[in-house]
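Below is one structure; the comments refer to it alone.
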Amino acid sequence: MMAKKQDARSPIYNLIVVGLSGTEKEKGQCGVGKSCLCNRFVRPSADDFYLDHTSVLSTSDFGGRVVNNDHFLFWGEVSRVLEEGQECRMHVVEQTEFIDDQTFQPHRSTAMQPYIKRAAATKLASAEKLMYFCTDQLGLEQDFEQKQMPEGKLQVDGFLLCIDVSRGMNRNFDDQLKFVTNLYGQLSKTKKPIVLVLTKCDEGVERYIKDSHTFAITKKSLPVVETSARSNINVDLAFVTLVQLIDKSRGKPKIIPYFEALKLQSQQIASAKDRYEWLINRIVKNHNETWLNTSRRMNTSPEYKEYVFLEGTAKCKKLFQQHVYRLKQEHIERRRKIYLSTLPLALSSLVPDLDEIDQLSWSGVQKVLESKQHFAHWFVVLEDSPWEDTSHIDNMEDERIPSDLLETAEAEDIFNAHLEHLRNECRRAEMRLEFKQKLASSPFVTPGKPWEEARSFIMNEEFYQWLEETEYLDLYNRHQKEIIDRAKEDFQELLLEYSELFYELEVDAKPSKEKMGAIQEVLGEEQRFKALQRLPAERDALVLKHIHFVYHPTKETCPNSPHCVDSKIEQTLVSRFPMSYPFLDVKAHFGDTKADRINLVILGKDGLAREFANEIRALCTNDDWYVLDGKMYELTLRPIEGNVRLPVNSFHTPTFTPHGCLCLYNSKESLSYVVESLERLRESTLGRRDSHLAQLPTSLLLVTKRGVGSYVDIGGETALNLITQGQQVARRLQCSFLDPASPGVGYGHNVNESQINQVLRGLLDTRRSTSFSSSSPPLLPEPAGLRDSPHQPVPEADLRIVMCLMCGDAYDIEQLLSPFLLSQHCRPMPNSGTSVLLEQTVGGHKLAIELSLLSYHASFTLRKSRLVHGYIAVYSVSRKSSLETLCAFLCEVQDIIPVQLLAVGDSQAELTDSDYACEQLIQGEELAHEIEGRFNTLVCGSGGVVGGLHRIEMFHSFLMEVVEKRNIVEATHMYDNVAEACTNENVYSPRCSSPSPVTMFLDSEDDVEAVAAVLRRNANFSQRGLQPT
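Numbering of the sequence shown is given in full-length UniProt numbering, commencing with residue 1 and proceeding in unit increments.
Spelled out as structure tokens, the structure:
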């Protein structure tokens, strides 16, 4: 009969759970699972499920309000929503038998009946009986929720008959089945629905389950539900099935086999676990997180609630701890990898030498590491171990390696790899050295030879085994660069040794094929020429570069640049007289003001402009700086030789605004070109913004052809006609006409420095007096320091001597020059290049001697342009090119000029013991004898001393000769400047076996005086505008 309905929409069903109960002898050491079944159904959350429910109670616990002296427990009210969506409420009561813990017999109660009869009772009453939770509740009822059984009584609606199908301890299944059979017989008398519940199916015995089903079949309509309270399998199904039997309106029971239910339950738990783990992975990123903080953060998450319900907080915590442990292990592994990746660097830093560790064990190496000064930079010694359990793993700023990590096998493997690497590197170094030696000794490896042709001669199996292709290719390329550079240096030295050849050929900036062929024919048999046979383009480039140097000799074009001897001389003079020579620090000398800039157009035809510009650049002291009246100017030249109306030949460019124009001519045609160009320029600029070009300061100059020594007869026209025509053109164009240039200065030079200075002074005067638009800043007045020089006036020199030095010679220049630069007889000569003034007493007369210190290539430009009374020619006994350049230089020096040869050695032993040096000394002496010059030897180098062992007195006899020949040298120089007025023949060098006009005409001092008188008279005529007779 259904229980009384308190609410028609939610009736309450009173369900009684029964099964084998009694003493241990009757039921075994454990119950059949009635309490666990009730617990799981009433409180299904895993945290509320208890496996231990004892039936052995003390008298006080039995008499408490929970048991209430009854042999049944009221588990409380349960609410479920069935499939049809209606709510179903149930009261759950467990019929059991409590055992006295003293007598181990059933407790006596007011309604004491055998369990079978009592379990089948359909009416239960117990005033103020409290709902049961767990065994811990007994005696501590006030600590739990206190909910009474409604009205203290209830009427039974159905029974769940439990049978344990597990292998129970001290219990025979057949005996249990016999008990269940008797109990079922008693229950069936009540006419109440019964469901047979197989408990503990998670540990079930197949025969017991089969026998239980057989028992149910014999009872016809007795449904069987296989359950597991521990695993929460089919627990709800058992109770709901009974409700559906009680109330047919609740639907027909659908009993699910245990293993099918187990599969569904496992899937549900696995899914919930995955979602919970996802939640942990998202929330917990640090291995130092605690469960308390994390559970609080997850408390409201459905993933957390679901898994706690199914598996309990303990399993949630366990999964959290596993996750944190995994995070920690990952963190430790990351740190381990960092430490191990740093260990090779530490080993390379602390023990980089193979010899130190090659014969040691790993433990011995550890001791060596600990003894190193920088051990603490790479390693940290921790007080606690192992390092994984210390706080060091969380100190991200300290990346030092824990010292106990060295005890691991991984660390030893890294050391072995380091040791093997050192051994391999040592072997590779040996192979690289052997390979280099093979390259150096192999006759098949020549400059410019491709690797493909050389490899078969030098490679062997070991090279291939130990060296990578990129490595031996790099070594070969490096070797090639070394031997090519060495071959180029040797070839450059060869070119210097043939200096006389280049001056005799009279090559210009663009030598002809015939002259290039002549050079190659002379040099072709030289081994240093053949060494570059695989690099003909670079060899020709070196020849052209050398020709450019011969044609345009400056510090920048010098083969030894930036170590040109002129630069060394400047440094020496600046160190001795820092306030007098502005070579190195222009700003310090002139202040922060930039050097004034002069932009000069040079107009000429058929190469005149280009050649003249190169010769002007040769007069510059440093790059394009020109010294004029003691001041530095940045001189920019623009040679023009074509149609001035074309953009390429324009006077004005975006980066160049001319300040003046120098027009050159040497024939009627070239003069016509100048006139036409200037007229076109003026026509094209009328009415335009650059009309100032029409008023550009212009000078006209008659020059000789390159290599021609006289302007008397140029192109078949007399110099007089060309001068007259030039003067007429100058008047018509309103430009200045300069006196004609002197005959070729030295080898084919046309530049007269006084003429250039005259042009530049005119430009500067015009710029100071005129507001002239220019791309350069306006011309500043001369610095006060230059106008009011603090130096005392330098007296005019009585004699001018040039000391020539060879660029690249190995001797110590400062030792060589020191005796000349002593303060007691040497004074600086500002604004005179690299000259000093020597005050010497020669022949009883005190003379002021200007000593110009120059390289040979700088001296070439002075041989005819300036008066020189004598030369001191210096050469190195260890260098052939030094002596050959000296010989080439002397070929252009007139034999009347005194020459002092100086052979310089690095040590006295070199001068006496070296066969090569002795040969050079013999050749020098022979040359001195041939030219009737003087010869001396010096030691300037590691074998000498600071300041030099020689004294200036060693040159006394040379100076005496200079004084004796002073008049004849000066007369010869003056004669050369006017010789073109008397003869049409070229002037040749006396060193080339051609007689000098001076030696032909001047046989005595009277002749010299006569020539001087003629020259003075001609000078007077020129000042009066008359032609000399």
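In this text, a Cβ means the ideal position worked out from N, Cα and C, and glycines have one as well.
Note that the structure is predicted; figures quoted are calculated from it, not measured.
In its chain, beyond the 5 residues on either side, G152, K153 have a beta carbon closer than 7 Å to the beta carbon of A125.
Y464 is classed as exposed because its beta carbon has fewer than 16 other beta carbons within 10 Å across all chains shown.
Under the DSSP assignment, N752 falls outside any beta strand (DSSP E); it carries neither an H nor an E label. Excluding sequence positions up to five before and after V308, its CB lies within less than 6 Å of the CB of C316, all in the same chain and listed in chain order. Beta-carbon to beta-carbon, G28 and M169 are separated by about 6 Å, close enough to satisfy the 8 Å threshold. Excluding its 5 nearest sequence neighbours in each direction, F889 has C-beta neighbours in its own chain below 6 Å: Y856, listed in chain order. Annotation: A618 to H552 spans about 6 Å, alpha carbon to alpha carbon. Per DSSP, A873 is one residue of the beta strand (DSSP E) stretching across 870-876. If you keep only unbroken alpha helix (DSSP H) runs of at least 4 residues inside the UniProt domain "FF" (484-549), you get 499-505, 513-523, 527-530.
Taken in chain order, the whole alpha helix (DSSP H) runs of length 4 or more contained in the UniProt domain "FF" (428-482) are 451-458, 461-466. With the rule of 3 Cβ pairs closer than 8 Å, the segment 527-542 counts as touching the segment 490-506. Burial is judged here by how many other beta carbons sit within 10 angstroms of a residue's own beta carbon; F457 has fewer than 16 and is exposed.
DSSP, read as helix, strand or coil, puts P402 in strand. In the displayed model, L360 falls within coil according to three-state DSSP, outside both helix and strand. Measuring C-alpha to C-alpha distances from L662 to each of K436, L738, W625, E514 identifies L738 as the nearest. Contact check for W387 and D404: beta-carbon distance about 5 Å, within the 8 Å limit, so the pair qualifies. In this structure, the CA atom of A971 is about 29 Å from the CA atom of N721. Between V195 and C162, the gap from beta carbon to beta carbon reaches 7 Å or more. A216: member of the alpha helix (DSSP H) spanning 206-218, first to last residue. Going by beta carbons, K210 and S166 fall outside the 7 Å limit.
As a beta-bridge residue in DSSP terms, H91 pairs with N14, E77. For N936, the uninterrupted beta strand (DSSP E) run begins and ends at 934-939, by DSSP. When the beta-carbon positions are compared, E94 and V17 come within less than 7 Å of each other. Residue pairing by DSSP places H652 opposite no residue, since no beta bridge is assigned to it. If you draw a 10 Å sphere on the C-beta of R336, you find 16 or more other C-beta atoms in it, and that means buried.
Close CB contacts of T342 within its chain, under the 8 Å cut and outside five residues either way in sequence, are with W378, E399, I401 (chain order). If you draw a 10 Å sphere on the C-beta of G85, you find fewer than 16 other C-beta atoms in it, and that means exposed.
DSSP places Y633 in the strand class (E or B) of the three-state scheme. The residues R576, in chain order, have a CB closer than 6 Å to that of L821 in the same chain once the five nearest residues on each side in sequence are set aside. Under the three-state reduction of DSSP, H421 is assigned to helix. Look at E388 here: in three-state DSSP terms it is helix. Counting of Cβ neighbours within 10 angstroms places Q527 among the exposed residues, the total staying below 16.
Counted as a single uninterrupted DSSP element, the alpha helix (DSSP H) harbouring G924 occupies residues 915-930. For K153, the beta-bridge partners assigned by DSSP are A125.
Straight through space, the alpha carbons of E753 and W625 are spaced by roughly 15 Å. For Q840, the secondary structure class from DSSP, reduced to helix, strand or coil, is strand.
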